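**Q** Those protein sequences? They're chains C and H, same order as listed. All the letters of the first sequence, read from the start, carry residue numbers 1 to 179 under this note's numbering. All the letters of the second sequence, read from the start, carry residue numbers 1001 to 1387 under this note's numbering. Beta carbons: idealized from backbone N, C-alpha and C, even for Gly. Nothing here was measured: the structure is a model prediction, and the numbers come from that model. A single structure is presented below for examination.
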Amino acid sequence: MTADAFLFWFLAFASLAGALGVVLITNPIHCALSLVMTMVSVAALFVTLQAYFLAGVQLIVYAGAVMVLFVMVLMLFDLKNEIQAFSRGRAKGAFKIGAVGILSGLIVGAVARVTLFTDTPPSASTMAQASTSVGAIRPLAESLFFDYVFGFEILGVLLLVIAVGAVALSRSKGGTHAK
Amino acid sequence: MTSAMTSMGATGLEITVNLIKTVLVFLMMVQAVPILVWLERRGSAFIQNRFGPNRVGPLGLVQLLADAVKFLTKEDFVPEKGSRFMFYAAPIFALIPAAIAYMAIPMSVPLKLDSAMIKATFLIQGFEINVGIVFVLGVSSLAAYTILMAGWGSGSKYSLMGALRASAQIISYELALGLSIVGVILLYGSFSLTEMIAAQQGVLKFSMFGYTVACDYLPNWGIFYQPLGMMLFFAATFAESNRLPFDLAEGEAELVAGFHTEYGGFKMLMFFIGEYGHMMIASGLMATFFFGGYSIWSYTPQEVYQWLYAWVGSAQLANILNTAVHFLSYNIKFAFFLWIFIWVRWTLPRFRYDQLMDIGWKTMLPWALANAMITATLIFVGSYFAF
């Protein structure tokens, strides 16, 4: 087994373990932390695919900011009810595992169908030429600001609306010192 | 999928040396901590007109070794209401972001060995990362989890409050940190730290509006191009490493000791290794972005190499001496900024928490944005229009 294959399988298992941990662990803080493990594993997978910029941005935005806020908010709640509310028992457990199995079966089936029945994937040379320092970021920036500039700007407006809306909603209910 | 491991080196020797280098950089970071703690304790003592530890060993240098032995023999306990897994995981996790991020900082000119036995080029850094600064920012933003895990795992209110405050502070100042660097990235047109250092060599010379401005006795360092960026970056890194004046999260008067209240013994030392590790990354990045990295004033490494070659006469020896001299130059800048961290800690009073968050969001973020916009405008206008 080459180093690449080992790295891929290890990271794939880490991502899947983290993702399964999110839905199967009962303590919400542990769930959030296993989601962090998923994010970091996905960033590492990006590195093996030589998308270094995406890996760095994934770490900065997802693992470094979004998940920190998730965990912070979860720490402010009283979680004893949450831990017990998530049911135990064999029927419910079988249902959980069945649901996870169906979803993963769907995803694996879709990926297998696409890869087995289409043309050859892009060659290593086209992938390699897009991977040197600014060379990898330049095509990304060009496609973002030339081809998809409308979507990019609309996403910015959407984020602004979300921020303003969150502040407005909390103020209408009395702000941070509301009962 | 092309091999990720070929970037570790072509021959067996290169791969081995690169692996050893990774371990060495980590050890370097960990071993610098006792020296820094000594510097802090003695330096703070002199600032406060007292002596500091001066009994154990010459000048008190062995004090921290004695402290480490003391910590090793302390009782190992977990608070009853805390989460055992997170209580143990948090100090270990404190070491990881700082160590990984420090790998990306180039510390000297690459060592080119060209003799009959070995013919290789070794980079004097942990690992060459071509999106250097994005990687460093991404990994050091994982430091917030250490604090959260420590606060939650301790199971006490002081710890949790301190942890929430500290992590809120860290993610707020991450924004100001990232934005203050945008000006530098725009200026040098690259994320890679090696390229940034290469662009800062030589004398101060830039062209704008068709005119070329040159000054022969100033180096081409980033501080002359981005003074505001430098000040914002330096201030933001104080907040990122939870150092005074931003250390309300560990303020003794308010929160006992914040998120590491319940920690004792070696686990607490590991938190401090992480904190000093972040200080080291901050100093290294300051030197790299704004002070030319390993370059010596305004002399390019080639000029230094020529001077050394004329002095020793052997190309091999001149190469090795070149690397060593630039490593020394980097370390001098590195030590200087670390000393400033320590100096500021014992000089300025700390900010109140609401003042701290106000500064991060309402002062530093707008200024950093303005800096980025002005830099971008000047770069574009300066190269586009020539009078």
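Less than 6 Å between C-beta atoms, sequence neighbours within five positions excluded: which residues of the same chain meet that for residue 132 of chain C?
**A** Here the model assigns residue 132 of chain C a pLDDT of 48, short of 50, so the residue's position is not dependable and the matter cannot be decided.
**Q** Could you check whether the Cβ of residue 56 of chain C sits closer than 7 Å to any Cβ belonging to chain H?
**A** yes
**Q** Leaving out five residues before and five after residue 125 of chain C in sequence, what residues of the same chain have Cβ atoms less than 8 Å from its Cβ?
**A** The predicted model places residue 125 of chain C with a pLDDT of 49, which falls under 50 and marks its position as unreliable; any figure quoted below should be read in that light. Nothing listed; no residue qualifies.
**Q** If you measure between the beta carbons of residue 1135 of chain H and residue 56 of chain C, is that distance less than 7 Å?
**A** yes
**Q** Assign residue 1109 of chain H to one of three DSSP states: helix, strand, or coil.
**A** coil
**Q** Give the DSSP-derived three-state secondary structure of residue 1122 of chain H in the structure shown.
**A** strand
**Q** Roughly how many whole angstroms lie between the Cα atoms of residue 115 of chain C and residue 39 of chain C?
**A** 25 Å
**Q** Give the DSSP-derived three-state secondary structure of residue 1208 of chain H in the structure shown.
**A** strand
**Q** Quick check on the DSSP output: what are the complete alpha helix (DSSP H) runs of length 4 or more inside the stretch 1008-1066 of chain H, in order along the chain?
**A** 1012-1047
**Q** Distance, Cα to Cα, residue 1308 of chain H vs residue 1058 of chain H?
**A** 36 Å
**Q** On the premise that residue 1151 of chain H lies in contact with residue 1163 of chain H, defined as a C-beta separation below 8 Å, what is that separation, rounded to the nearest angstrom?
**A** 2 Å
**Q** Helix, strand or coil for residue 1218 of chain H, going by three-state DSSP, please let me know.
**A** strand
**Q** Are the C-beta atoms of residue 1180 of chain H and some chain C residue less than 7 Å apart?
**A** no
**Q** Distance check for residue 154 of chain C and residue 1365 of chain H, CA to CA, integer angstroms please.
**A** Each residue's alpha carbon lies about 23 Å from the other.
**Q** Please confirm if residue 1144 of chain H has its CB atom under 7 Å from at least one CB of chain C.
**A** yes
**Q** Output needed in chain order: residues of the stretch 1152-1175 of chain H with a Cβ under 9 Å from some Cβ in chain C.
**A** 1152, 1160, 1163, 1164, 1167, 1168, 1170, 1171, 1174 and 1175
**Q** Once you ignore the five residues that flank residue 1043 of chain H on each side, which residues in its own chain have a CB closer than 6 Å to its CB?
**A** Within the same chain, residue 1043 of chain H has close Cβ partners 1342.
**Q** Let me know the secondary structure DSSP gives residue 1296 of chain H once reduced to three states.
**A** In the structure shown, residue 1296 of chain H adopts extended strand secondary structure according to DSSP, grouped into three states.
**Q** Between which two residues does the alpha helix (DSSP H) holding residue 157 of chain C run?
**A** 149-172
**Q** Just verifying my parser: in three-state terms, what is the DSSP assignment at residue 4 of chain C?
**A** helix
**Q** Hey, residue 1222 of chain H and residue 1184 of chain H are a contact pair by Cβ (cut 8 Å); roughly how many whole angstroms apart?
**A** Right, their Cβ atoms sit about 6 Å apart.
**Q** Check whether chain C comes within 7 Å of residue 1210 of chain H, counting only Cβ atoms and requiring the distance to be less than that.
**A** no
**Q** For residue 1114 of chain H, does the three-state DSSP call read helix, strand or coil?
**A** strand
**Q** On the criterion of 16 or more Cβ atoms from any shown chain inside 10 Å, does residue 1099 of chain H qualify as buried, or is it exposed?
**A** buried
**Q** Give me the chain H residues within the contact set of residue 59 of chain C, using Cβ-Cβ distance strictly less than 9 Å, ordered along the chain.
**A** Within chain H, the residues near residue 59 of chain C are 1134, 1135, 1137, 1138, 1139, 1141 and 1142.
**Q** Does any residue of chain H bring its CB to less than 7 Å from the CB of residue 37 of chain C?
**A** It does not; no Cβ of chain H falls within 7 Å.
**Q** Can you tell me which of H:1130, H:1021, H:1113 and H:1093 puts its alpha carbon nearest to the alpha carbon of residue 1148 of chain H?
**A** Measuring from the Cα of residue 1148 of chain H, the nearest candidate turns out to be H:1093.
**Q** Compare the C-beta of residue 1037 of chain H against all C-beta atoms of chain C and say whether one is closer than 7 Å.
**A** Residue contact with chain C for residue 1037 of chain H: absent (no Cβ-Cβ distance below 7 Å to any residue of chain C).
**Q** Give me the Cα-Cα distance between residue 69 of chain C and residue 1063 of chain H, rounded to the nearest whole angstrom.
**A** 40 Å
**Q** If you drop the 5 nearest sequence neighbours on each side, which residues of the same chain put their C-beta closer than 6 Å to that of residue 1277 of chain H?
**A** 1029 and 1098
**Q** Cutting at 6 Å between CB atoms, please list the residues of its own chain near residue 20 of chain C, excluding the five before and the five after it.
**A** none
**Q** Can you give me the C-alpha to C-alpha distance between residue 1305 of chain H and residue 1322 of chain H, rounded to a whole angstrom?
**A** 6 Å
**Q** Quick one: using the 10 Å Cβ neighbour count with 16 as the cut-off for buried, is residue 34 of chain C buried or exposed?
**A** buried
**Q** Using a Cβ cut-off of 8 Å, pull out every chain H residue sitting near residue 110 of chain C, in sequence order please.
**A** By Cβ distance, chain H contributes nothing, its closest Cβ being about 21 Å from residue 110 of chain C, past 8 Å.
**Q** Give a yes or no on whether the minimum CB-CB distance between residue 71 of chain C and chain H is below 7 Å.
**A** yes
**Q** Does residue 125 of chain C come out as helix, strand or coil in the three-state DSSP assignment?
**A** Note on residue 125 of chain C: pLDDT 49, under 50, position unreliable in the model; no value is reported.
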